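Engineer: Residue numbers (our numbering): 145 to 582. Encoded as structure tokens, here's the structure I'll be asking about.
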């Protein structure tokens, strides 16, 4: 076999060609079994003893392998990626989403940035280490997981609850979403290290009222009551709250670029964030809680006023804000609207410090002398939420040096998702340094 840097592009392409779409519904989700079998075979080929675990439902497969380190007294490092991808509409793409096509200097297809690229980097390095007889400084636990794109109920969270033994000794975890370069000037590139995530809190709203005939005057229409509450919530701007990670991000950007991020005015802060380009859509969402209505359901006939109307709201709450957020929700919705959590995974945050952060910084700077690392918060969520429950400090760093004009954040779950070939090779070199020093 070749070096990790040489085979990472092929591994990325081949993983993309395996359909592992996750719709969020068991009946329509492809599952990760084929992708897991591919990873399992690649690991066994070089001598790993692997374990494939089905996590709570047929076809939801996860692959684990452990590489022993030189110091058995040191805690292990979990290195994880997910094998599922979000669905796609083939008609919207310029290449087939499952082609894994390598053209124009990119690998194309669903999962190219989320996150079969990082899966391939991990797999390539795991294979290289085993084939070469490399012994890292501490145990490395490689995990390729199911169901991240639907919150991990049939993946990381099931595993954390039912198979914590798979993570024995792990006190830190390295996964997505960070490490992609942002070019802020001619000689300034920052590589964010994800140290925090907002919550994933999907909420059902429900109004029950008196049904009636659509032709008559009706002052207690469940649809109207719900619609007014949903509109209030959808237009509401929650207060600015800067957590340690977000403040650290702003402070470092100010030091590097001179851009000030005023916190006395929401409009002024939003304007400053907009100067960051494509990443502004992510960063802006981490300065406050959000609640976006996404689904409405009511009625069964045009001339019948229904007794029940429902809405689904995607809430993302900052660390430490859950109680205050719920109080604000209740004030906005009023007494006639019931609410319940469909899925409520708490926000997480860890300080931007420690030996692993130092190793990440040194490793990326050796490959890119203009690199700067800084903390950041993800507006979405990852499998880190499950591993925090097992006592791990979780960081997101999938290193990629990107072209300055590439709107990388738009490619997450986007049309024509793609990753630069040279960025994959760069990331593999950086990740190798990290894993051999961590």
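Beta carbons: idealized from backbone N, C-alpha and C, even for Gly. Please read these numbers as outputs of a predicted model, since none were measured by experiment.
Quick one: measure Cβ to Cβ for residue 268 and residue 374, integer angstroms, because I've assumed they're closer than 8 Å.
Structural biologist: Between residue 374 and residue 268 the Cβ distance is about 47 Å, and since that is not below 8 Å, they are no contact.
Engineer: Using the three-state DSSP reduction, which class does residue 419 fall into: helix, strand or coil?
Structural biologist: DSSP places residue 419 in coil when its eight states are reduced to three.
Engineer: Can you tell me the Cα-Cα spacing of residue 552 and residue 451, whole angstroms?
Structural biologist: Distance between the alpha carbons of residue 552 and residue 451: 45 Å.
Engineer: If contact is defined by three or more beta carbon pairs under 8 Å, each pair taking one atom from either stretch, is the stretch 197–205 in contact with the stretch 285–301?
Structural biologist: With a cut-off of 8 Å, the stretch 197–205 and the stretch 285–301 count as touching, because enough Cβ pairs lie within range.
Engineer: If you draw a straight line from the alpha carbon of residue 347 to that of residue 413, how long is it in whole angstroms?
Structural biologist: Near 28 Å, if we compare the C-alpha coordinates of residue 413 and residue 347.
Engineer: Can you tell me whether residue 250 is helix, strand or coil according to DSSP?
Structural biologist: Strand.
Engineer: Count the other CB atoms within 10 Å of the CB of residue 171; is the residue buried (16 or more) or exposed (fewer)?
Structural biologist: Exposed, since its Cβ has fewer than 16 Cβ neighbours within 10 Å.
Engineer: Taking buried to mean at least 16 other C-beta atoms within 10 Å of its own C-beta, is residue 516 buried or exposed?
Structural biologist: Label assigned to residue 516: buried.
Engineer: Return the CA-CA distance between residue 261 and residue 446, expressed in angstroms with no decimal places.
Structural biologist: Answer to the nearest angstrom: the Cα atoms are 49 Å apart.
Engineer: Which residue wins for smallest C-alpha separation from residue 561, given the options 188, 282, 255, 430?
Structural biologist: Taking only the C-alpha atoms, the option nearest residue 561 is 255.
Engineer: For the beta strand (DSSP E) that contains residue 533, what are its first and last residues?
Structural biologist: Unbroken run through residue 533: none, as it is neither H nor E.
Engineer: Which residue or residues does DSSP assign as beta-bridge partners of residue 543?
Structural biologist: DSSP output for residue 543 lists no bridge partner at all.
Engineer: For residue 311, which three-state DSSP category applies?
Structural biologist: Note: residue 311 maps to helix in three-state DSSP.
Engineer: For the beta strand (DSSP E) that residue 363 lies in, which residues bound it at each end?
Structural biologist: It is not in any beta strand (DSSP E) - residue 363 carries neither H nor E in the DSSP assignment.
Engineer: Given that a residue counts as buried once 16 or more other Cβ atoms are within 10 Å of its Cβ, and exposed if not, what is residue 298?
Structural biologist: It is buried - the Cβ of residue 298 has at least 16 other Cβ atoms within 10 Å.
Engineer: So, with DSSP's three-state summary, where would you put residue 492?
Structural biologist: Reduced to three states, the DSSP call for residue 492 is strand.
Engineer: From residue 244 to residue 284, what does the alpha carbon distance come to, in whole angstroms?
Structural biologist: Roughly 28 Å separates the two Cα atoms.
Engineer: Since residue 573 is in the alpha helix (DSSP H), which residue starts that stretch and which ends it?
Structural biologist: Counting along the chain, the alpha helix (DSSP H) containing residue 573 begins and ends at 565–579.
Engineer: What residue from 499, 416, 541 has the CA that sits closest to residue 219's CA?
Structural biologist: Closest by alpha carbon: 499.
Engineer: Select from 305, 343, 227, 323 the residue whose C-alpha is nearest the C-alpha of residue 493.
Structural biologist: Checked all of 305, 343, 227, 323; the closest Cα to residue 493 is 343.
Engineer: What residue range does the alpha helix (DSSP H) around residue 503 cover?
Structural biologist: That run of the alpha helix (DSSP H) goes 499–511.
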